[in-house]
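Have a look at the structure below, then the notes.
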Amino acid sequence: MKVDWLIVGAGFTGSTLAERIATQLGQTVLLVDRRSHVAGNAYDKYDESGVLVHQYGPHIFHTNCRKVWDYLSQFTQWRPYQHRVLAVVDGKKVPVPFNLTSLHRLFPASSAARLEDLLIRHHGYGAKIPILRLRQSANQELSALADLVYEKIFLGYTLKQWEFRPEDLDPSVTGRVPVHVSWDDRYFQDTYQAMPARGYAELFRRMLAHPNIEVGLDTDYRRIQGQVRFNRMVFTGAIDEFFDYVHGPLPYRSLTFEFLTVDCEWYQEAGTINYPNGERFTRITEQKYLSGQALPRTTIVREYPEKHVPGQNEAYYPIPREENREQHKLYLREAAKLNGSVLFAGRLGDYKYYNMDQAVGRALRLFEEIAAP
Ligand SMILES: Cc1cc2nc3c(=O)[nH]c(=O)nc-3n(C[C@H](O)[C@H](O)[C@H](O)COP(=O)(O)OP(=O)(O)OC[C@H]3O[C@@H](n4cnc5c(N)ncnc54)[C@H](O)[C@@H]3O)c2cc1C
């Protein structure tokens, strides 16, 4: 077999590149994935109760990037969806990111009103303040509030999720859920927030339905090396694995997902409920909020974070620490020796946490480089 491109990994990165190369350059692509399905970690399927579940954890689409939104809209219609998250704190459920509603649920009316006033005076209505910065506030009441939010909402969750304290990780981790001086209790504030009307797997099927694209599932690229001839390769698997871990395995966090179908129409009062303290799992998501289905039963998923062990469990989250970025650079040097014959991209190839829109954006930019004369 001879193709123009071998693309490894049929997640958002690999599939976007395959689609662009096939339709815009008219070149042939063999897209392989060692899993038995396309869509990478965004893969979804119907469970026995007919609920559309996300096999690798809840995936909510949100973006501010019009280009990515327009690109994906070619392959799906959307169901508008605004995700909401609550965290269990001292037996109460408060919105996350921490906002003015959370403040009023946790504190007696008079102190909540005073803190609300202070937050607005010091930061302005609508401000988003990373928790680590709020802890440095010169105002003692605000720094005391930040300490409490840190202790009750961030610390336990971060320790479970990463086995590191928030201050020992890249500030972008806690920066993703800043304290929000607002009554807006949506988890994301992006311009576009929606779920693919018929699910992610269907979106991918439409994206890849082109005569120039052949998809090989249950296929580790190493198994077909030597059998397939190709001019260039894109690799969206783990870069350390590609180079046989010559510089040691890059650290990742893994997760175990526990799905449970419950014999009631609704299980909880929001799409996701976080359990920062106590439980071993970090959060419970009720899939029907995401799918918008009306069904008599419901399915929830609990997430249990764990260490990643290569070959034993899935690498989900690159651990954002300086020393890991330095280790990744050693692999980039190995990649440079290949003189562009293999391009690395995606969450595992770039060793970078990407949201789905960022993965698509990265792939679209890489395509522009490939297509440039
Ligand atoms: C629990 C969880 C929740 C998330 N929630 C959200 C969310 O709500 N919103 C959001 O925007 N993003 C979310 N994300 C991020 C999202 O999953 C990523 O943006 C997306 O998966 C990136 O796509 P990718 O193609 O780079 O990687 P992947 O989807 O991981 O695809 C890589 C593919 O490569 C394949 N592969 C690897 N090695 C080989 C090999 N040797 N041979 C063949 N195939 C191989 C893998 O099987 C995999 O299918 C979440 C991620 C996780 C882990």
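For reference, each letter of the sequence shown is one residue, going 0 to 372 in numbering that gives the first Met the number 0. Positions of the beta carbon are idealized from the N, C-alpha and C atoms, including for glycine.
Residue i in three-state terms, based on DSSP
i	result
residue 68	helix
residue 216	coil
residue 300	strand
residue 36	coil
residue 288	helix
residue 50	coil
residue 355	helix
residue 195	strand
residue 176	coil
residue 238	helix
residue 24	coil
residue 164	coil
residue 333	helix
residue 375	Past the edges of the chain, shown from 0 to 372, lies residue 375, and the structure says nothing about it.
residue 139	helix
residue 62	strand
residue 350	coil
residue 318	coil
Cutoff 8 Å; reference residue i; Cβ partners in own chain excluding five residues on either side
i	result
residue 119	180
residue 197	75, 76
residue 172	157, 161, 165, 319
Proximity to residue i [Cα-Cα], best of the options
i	options	result
residue 337	356, 296, 242	242
residue 346	92, 340, 4, 39	39
residue 20	264, 230, 193, 218	230
residue 321	13, 131, 250, 209	250
residue 53	143, 121, 258, 117	258
residue 126	4, 360, 97	97
residue 381	111, 113, 237	Because the chain spans 0 through 372 in this model, residue 381 falls outside it and cannot be assessed.
residue 210	370, 23, 3, 27	27
residue 295	245, 261, 188	261
residue 7	23, 342, 371, 358	342
residue 279	3, 224, 155, 23	155
Identified DSSP bridge partners for residue i
i	result
residue 6	30, 233
residue 159	DSSP, once it has assigned bridges, lists no residue as partnering residue 159.
residue 102	According to DSSP, residue 102 bridges with nothing at all.
residue 17	Looking at the DSSP assignment, residue 17 forms no beta bridge with any residue, so it has no partner.
residue 253	305
residue 341	232
residue 96	DSSP output for residue 96 lists no bridge partner at all.
residue 273	86, 282
Distance between residue j and residue i (C-alpha atoms, nearest Å)
i	j	result
residue 297	residue 271	14 Å
residue 169	residue 333	25 Å
residue 367	residue 150	45 Å
residue 356	residue 193	12 Å
residue 90	residue 266	17 Å
residue 385	residue 16	Residue 385 cannot be examined here, being either before or after the span of the chain that is shown, 0 to 372.
residue 5	residue 87	47 Å
residue 286	residue 51	7 Å
residue 85	residue 344	34 Å
residue 57	residue 70	22 Å
residue 121	residue 99	14 Å
residue 349	residue 183	34 Å
residue 199	residue 256	18 Å
residue 11	residue 340	21 Å
residue 323	residue 14	27 Å
residue 308	residue 41	21 Å
residue 264	residue 328	49 Å
residue 212	residue 18	8 Å
residue 269	residue 83	6 Å
residue 32	residue 277	38 Å
residue 147	residue 163	19 Å
residue 188	residue 94	14 Å
residue 55	residue 312	12 Å
residue 140	residue 116	11 Å
residue 44	residue 288	15 Å
residue 247	residue 314	15 Å
residue 101	residue 108	12 Å
residue 177	residue 3	45 Å
Own chain partners of residue i with C-beta closer than 6 Å, once the 5 adjacent residues on each side are dropped
i	result
residue 68	62, 191
residue 353	346
residue 283	272, 299, 301
residue 195	75, 202
residue 92	85
residue 59	82
Same chain only: Cβ atoms within 7 Å of residue i, ignoring 5 sequence neighbours per side
i	result
residue 74	202, 205, 206
residue 360	64, 67
residue 214	9, 30, 37, 207
residue 35	216, 217
residue 161	168, 252, 318
residue 304	159, 160, 252, 254, 281
residue 23	370
Residue i CB to nearest heavy atom of ligand 2 below 7 Å
i	result
residue 347	Only ligand 1 can be found as ligands here, which leaves ligand 2 out of the picture.
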